[in-house]
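Enquirer:
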Amino acid sequence: MCAAPASDRLAQTLSRHGLRQTPVRRAVLQVLSDSAYALSGSEMEQQLPADTDRITLYRTLKSFEEKGLIHRVIDSTDIIRYASCSVECSVEAHFDNHVHFKCTACEHIYCLNQVAIPAVTLPARFEAVSRDYLLAGVCRECQPAS
Ligand SMILES: [Zn+2]
Ligand SMILES: [Zn+2]
């Protein structure tokens with residue numbers, strides 16, 4: 086069992102990705118790793134200390150994304166949400182090859198880390214550089230009690 090306190094895990098994650106510890110970085114990482122679903126910047130702001138500077142927050146998200154700590158979760162709206170990456174992600178490569186699921190009841194988007202995106206065969210001379218696989222439906226929390 087991993088017995089390291091949460092504060093140490095945050096420090097380890099930051100240093101593994103070559104980032105110095107700052108209060109905002111720690112707080113953002115904590116909020117994202119505590120969330121069961123992807124969060125937009127404004128949703129994060131509501132959970133961060135009130136004195137968190139918005140510019141600093143967005144700079145933090147940008148560097149986290151570049152360093153492979155978090156990934157974007159895209160849906161049909163303009164809202165960009167973020168979720169924490171699996172531990173294997175790094176600045177060199179993201180391993181975000183999992184399916185996302187948007188609940189039409191609570192509107193949360195979940196990372197289904199255990200569900201891999203199915204392989205697709207592309208026509209000749211098509212070369213994919215990114216992939217987003219989004220399913221919509223009703224999540225576990227919103228299913229009527231049986
Ligand atoms: Zn739901
Ligand atoms: Zn994801």
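Note that the sequence shown covers residues 86 to 231 in the numbering used here.
Heads up, the beta-carbon is just placed ideally off N, CA and C, and yes, glycines get one too.
The structure presented is a predicted model; accordingly, all values stated were derived computationally and were not measured.
My output table needs one value for PHE211: the three-state DSSP class, helix, strand or coil.
Expert: Residue 211 sits at position 126 when you count from the first residue of the sequence shown. Note: PHE211 maps to coil in three-state DSSP.
Enquirer: For ligand 2, list every residue whose C-beta falls under 5 angstroms from any of its heavy atoms, going in chain order.
Expert: Here the residues come out as ALA168, CYS196.
Enquirer: Which class does VAL116 belong to by DSSP, given the choice of helix, strand or coil?
Expert: One-based indexing of the sequence shown puts residue 116 at position 31. If DSSP states are grouped into helix, strand and coil, VAL116 belongs with the helices.
Enquirer: Which residues in the same chain as THR137 place their Cβ atom closer than 8 angstroms to its Cβ, once the five residues preceding and following it in sequence are excluded?
Expert: Your numbering for residue 137 matches position 52 in the sequence shown. Excluding sequence neighbours, THR137 sits near VAL109, ALA112, GLU130.
Enquirer: What residues match up with GLY103 in a beta bridge as DSSP calls it?
Expert: Looking up residue 103 in the sequence shown gives position 18. In DSSP, GLY103 forms no bridge with anything.
Enquirer: Give me every residue whose Cβ sits closer than 7 angstroms to any heavy atom of ligand 1, in chain order.
Expert: Per the Cβ criterion, the list is CYS188, ALA190, CYS191, HIS193, VAL223, CYS224, GLU226, CYS227.
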